[in-house]
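Counting along the sequence shown from 1, when you hit position 35 you're at 1121 in the numbering used here, and nothing is skipped either side.
For glycine and all other residues, C-beta sits at the position ideal for the given N, C-alpha and C.
Given the structure is predicted, the values throughout are model-derived calculations rather than measurements.
Below: one structure, written as structure tokens.
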Amino acid sequence: MERNRSSSGRTTTARTDLPLPHVDGVEHRLVDLPGLRMHVAAAGEGDPVLLLHGAPVHWYEWHKMIPGLAAHRRVICPDLRGSGWTDAPRTGYTRDQMTADVVALLDALELNKITLVSHDMNAIAGYALCWDHPERIERHVALGVPPLFVKLPAKVLPKFRHLWHQEALAVPGLGAALTGRGHQRVIRHMLNFPPPQQPWNAHEREIFLAPLREPARAGAMSAMLRKMVLPEVGRLLSGHYRSRRLTTPTLVAAAAGDPLFPPQLVRELLADGDAYADHVEVATVDGAEHHQPAEAPERLVELILGFTATSHR
């Protein structure tokens, strides 16, 4: 693994207890950021595309998509704070700190502007980057998550019962125990969401489960849900983001079988989107439910390359 020297001159070192899974053409490096050593997997050349993984996964979530994207773009897949092979400090799992980590990474890699792809819980950070740092984000492709300015009608709220695992894992102490100990049944449930689907094979599931057996990473998972995800529900319901205009051209890739936000619902929620955003498109991803990078990687590569090839500004 390549080392990266920080501006302070301190050299970072890799973790040695877990081997990195192999993906053809991928190079790994450790980047020293303020208060955080971040692992980054990268491949290809050209205009940069930064992919923010969901939970409970890490950079390897994108392994089926990397070859197709890297044939045309420079693909950058970081492990976010507390995930994968990145440091898991005790603090910093808020929306503001998670986005600050990404901005610091862009600075360290000398990337002025990128295309951003985000999935699942870390679409929160993705949208926050678009609002807070629009000069750094050329376009944003969000997998399964509509812009956070949408107003949820009452008929949608019962759908959130599918996310019971978030509340359970957010409980201090209990969440870390459920994440990292025993058979990790709740994490397995998340990896197979929505049941009874199994988008990841046994080998892939183990690659995601193993880091979470480390207590610091189990605690980080719980803290992220408690300090970033659940507070966002309150902001969403209160209309917090309806007072800010989204200027970043955005594509929402909505999985046809998604139990929370299927394509037709996303389009309904965005009926008044022109009042809050300059440009938002919705694309249907057939043959997928929640874990789109595993279920429809070729379709996502097609959508990302097509969206990034078209100027919307």
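Residues near Leu-1138 in its chain [Cβ-Cβ closer than 8 angstroms; skip 5 each side]: Pro-1164, Leu-1166, Val-1188, Leu-1202, Val-1203, Ser-1204, His-1205, Asn-1208, Ala-1209, Ala-1211, Gly-1212
Proximity below 8 angstroms, CB of Arg-1181 to CB of Lys-1199: no
Segment contact, 8 angstroms Cβ cut-off, at least three pairs: the segment 1252-1260 with the segment 1295-1311: yes
Cβ shell of Ser-1092 (< 6 angstroms), same chain only, five flanking positions each side left out: Model confidence at Ser-1092 stands at a pLDDT of 38, short of 50, so the residue's coordinates are unreliable and nothing is read from them.
Unbroken stretches of the beta strand (DSSP E), 3 residues or longer, contained in the segment 1131-1206: 1134-1138, 1160-1164, 1200-1205
Limits of the unbroken alpha helix (DSSP H) element including Glu-1388: That run of the alpha helix (DSSP H) goes 1383-1394.
Cβ neighbour criterion (16 or more within 10 Å) applied to Ala-1361: The residue in question, Ala-1361, is exposed, as its Cβ has fewer than 16 Cβ neighbours within 10 Å.
Of the listed residues Glu-1381, Gly-1305, Arg-1303, nearest to Ala-1339 (C-alpha basis): Distance check between Ala-1339 and each of Glu-1381, Gly-1305, Arg-1303 places Glu-1381 closest, using alpha-carbon atoms only.
DSSP three-state assignment for Arg-1225, whether helix, strand or coil: strand
Proximity below 8 angstroms, CB of Leu-1277 to CB of Arg-1291: yes
Within 8 angstroms, strictly: CB atoms of Pro-1280 and Pro-1348: no
Close Cβ partners of Thr-1334 (< 6 angstroms) along its chain, the five nearest in sequence each way excluded: When the five nearest sequence neighbours on each side are left out, the beta carbons in the same chain lying within less than 6 angstroms of the beta carbon of Thr-1334 are those of Cys-1216, Pro-1220, Ile-1223, His-1226, in order along the chain.
Buried or exposed by the 16-neighbour rule on C-beta atoms within 10 Å, applied to Leu-1243: exposed
Touch test, the segment 1230-1248 against the segment 1388-1397, Cβ-Cβ under 8 angstroms, three pairs minimum: no
Among Asp-1372, Pro-1383, Ala-1395, His-1365, nearest to Pro-1232 - alpha-carbon criterion: His-1365
According to DSSP, residues forming a beta bridge with Leu-1119: Leu-1122
Candidates Pro-1134, His-1269, Phe-1246: closest to Leu-1191 by CA position: Pro-1134
For Ala-1363, the residue or residues it bridges with in DSSP: DSSP, once it has assigned bridges, lists Leu-1332 as partnering Ala-1363.
His-1108 in three-state terms, based on DSSP: coil
Three-way DSSP call (helix, strand, coil) for Asp-1103 in this model: coil
Reference Gln-1183; option with closest CA among Arg-1115, Leu-1122, Gly-1132, Leu-1136: Leu-1122
Distance, Gly-1359 Cα to Arg-1328 Cα: Linking Arg-1328 to Gly-1359 through their CA atoms gives a straight-line distance of about 10 angstroms.
Local Cβ density within 10 Å of Pro-1142, reported as buried at 16 or more and exposed below that: buried
Under the three-state DSSP convention, the category His-1269 falls into: coil
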